[in-house]
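Structure first, then comments.
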Amino acid sequence: MYLQHFGLRQLPFTLTPNTGFFFGLTPHVEALQVLQMALETGEGFIKVTGEVGTGKTLVCRKLLNELPSQFQCAYIPNPYLTPAELRWAVAADLGIDVAEKLDQQQLTRLIHEKLLALSEQGFQVVLVIDEAQALPDESLEALRLFTNLETESRKLLQVVLFGQQELDDRLNQANLRQLRQRITFSYHLRPLNWDEVQAYMNHRLMIAGYQGLAIFTVKESKLIASGARGIPRLVNILAHKTLLLAYGEGAAKVTLAHCKAAINDTEDANKSIVSPSQLFTLKPVLVFIGVALSVLAGLHFSSISCCGLWLARISGWL
-17 MYLQHFGLRQ LPFTLTPNTG FFFGLTPHVE ALQVLQMALE TGEGFIKVTG
33 EVGTGKTLVC RKLLNELPSQ FQCAYIPNPY LTPAELRWAV AADLGIDVAE
83 KLDQQQLTRL IHEKLLALSE QGFQVVLVID EAQALPDESL EALRLFTNLE
133 TESRKLLQVV LFGQQELDDR LNQANLRQLR QRITFSYHLR PLNWDEVQAY
183 MNHRLMIAGY QGLAIFTVKE SKLIASGARG IPRLVNILAH KTLLLAYGEG
233 AAKVTLAHCK AAINDTEDAN KSIVSPSQLF TLKPVLVFIG VALSVLAGLH
283 FSSISCCGLW LARISGWL
């Protein structure tokens, strides 16, 4: 890849939410501040929503990593669960050792007893659910009933919901109005401005080990921000492709032509800002990289051809 070419220790623009690359962007910092303040109050539901790719899971992981020691956390990353499955998942995360033959009423009682015990030990229990828009209505109602568990002074369980914008639509349903009224704090992650995109890309390059002159100037940053519609995940995809193109040409920095080609090649990018006549294709670059990697690996000619063909095919050009 392009690591050696740009003097990098690791890939800077991967899609995995890595808190080691966390950058203090305004929407992400504000979301964390809202979450921290809300958790201190010890009441009800807290909700964070945003478009796909705006950084909800990254904020979620950052929150989990930085929870103070008095918080006991249960985390459910894939919540497409029935109410019964949800109760079992909560019990497992709270460390409750239960027999398989327990009915739901007995399981709920054990969860209540565990929450009481943790409260008496000075812990505040938080249930964090990522991709909450996937929860069935029945499971959302089961969550609401969980928050009925309380002492005379405070709730025994707080719930933090991270979800796509569809979660707001779901909660606007009349049958979920009781849960909606229990959401005490809410935050919506907005897309990034172009200057935030530029700072974000430069930060990730620095964390990855880059020490040279700026790879992305103002013009390239503005174009990538527009092509990505300010969505960090799309910024990562476009930035990664532009670095591939620059590497394929032996260039020390990204150009507008690289950005336009990357935008044109990316499914969910805003292609309306790019004229097709201005573009060149990524295909020869990936074939070149495939050939170079094959030569370095000492493969014979037929393997080199197959490698280039494979790279082109997986990228959707053939």
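Numbered per the numbering used here, the sequence shown finishes at 300, counting up by one with no gaps.
Using N, Cα and C, we set each Cβ at its ideal position, and we do this for glycine too.
### Message
Using C-beta distances below 7 Å, list every residue in its chain close to isoleucine 213, excluding the 5 sequence neighbours before and after it, in chain order.
### Response
Glu33, Gly35, Thr36 and Pro173
### Task
Report the option in Lys242, Tyr169 and Asn60 whose CA atom is closest to the CA atom of leucine 117.
Asn60
### Query
How far does the beta strand (DSSP E) with glycine 32 in it reach, from first residue to last?
27 to 32
### Message
Just to confirm the assignment, what range does the beta strand (DSSP E) spanning alanine 56 have?
### Response
53 to 58
### Task
Look up tyrosine 229 in the DSSP assignment and say whether it is helix, strand or coil.
helix
### Query
So, helix, strand or coil for threonine 237, using DSSP?
coil
### Query
Can you list, in chain order, the residues of its chain whose CB lies under 6 Å from that of lysine 29, leaving out five sequence neighbours each side?
Leu143, Ile165 and Ser168
### Message
Spatial neighbours of aspartate 154 within its chain, please: C-beta separation below 8 Å, excluding the five flanking residues on both sides.
### Response
Correcting the residue identity first, residue 154 is asparagine in this sequence and not aspartate. Answer for asparagine 154: Arg162, listed in chain order.
#### Entry: alanine 20 versus leucine -15: straight-line alpha-carbon distance, rounded
42 Å
#### Entry: Reference alanine 66; option with closest CA among Gln86, Phe4 and Leu131
Gln86
### Query
When the Cα of leucine 7 is compared with those of Asp177, Arg159 and Gln52, which residue comes out closest?
Asp177
### Neighbourhood of valine 16 by C-beta distance below 6 Å, restricted to the same chain and skipping five residues each side
Phe167 and Tyr169
### tyrosine 182 - containing alpha helix (DSSP H), residue span
176 to 189
### Cut-off 7 Å between Cβ atoms - residues of its own chain near phenylalanine -5, not counting five sequence neighbours on either side
Arg186, Asn218, Ala221 and His222
### Query
Thinking just about the alpha-carbon of each residue, which of Leu131, Ala196, Gly145 and Glu123 is nearest to the one in lysine 38?
Gly145
### Task
Select from Asn130, Leu63, Gln106 and Lys242 the residue whose C-alpha is nearest the C-alpha of glutamine 52.
Gln106
### Message
For valine 269, count the other beta carbons within 10 Å of its own beta carbon; 16 or more makes it buried, fewer makes it exposed. Which is it?
### Response
Only weak support exists for where valine 269 lies, its pLDDT of 49 falling under 50; the value from the coordinates is given anyway. Looking at its Cβ environment, which holds 16 or more other Cβ atoms inside 10 Å, valine 269 is buried.
### Task
For my contact list, isoleucine 78 and isoleucine 93 are in at a C-beta cut-off of 8 Å; report their separation, rounded to the angstrom.
7 Å
### Task
My understanding is that phenylalanine 5 touches lysine 44, with C-beta atoms under 8 Å, so please give their C-beta distance in whole angstroms.
The Cβ separation is near 11 Å, so there is no contact.
### Message
Beta-carbon within less than 6 Å of glycine 26's beta-carbon, same chain only, minus the 5 sequence neighbours each way: which residues are those?
### Response
Arg164 and Thr166
### Task
Consult DSSP for glutamine 106 and reduce its assignment to one of helix, strand or coil.
strand
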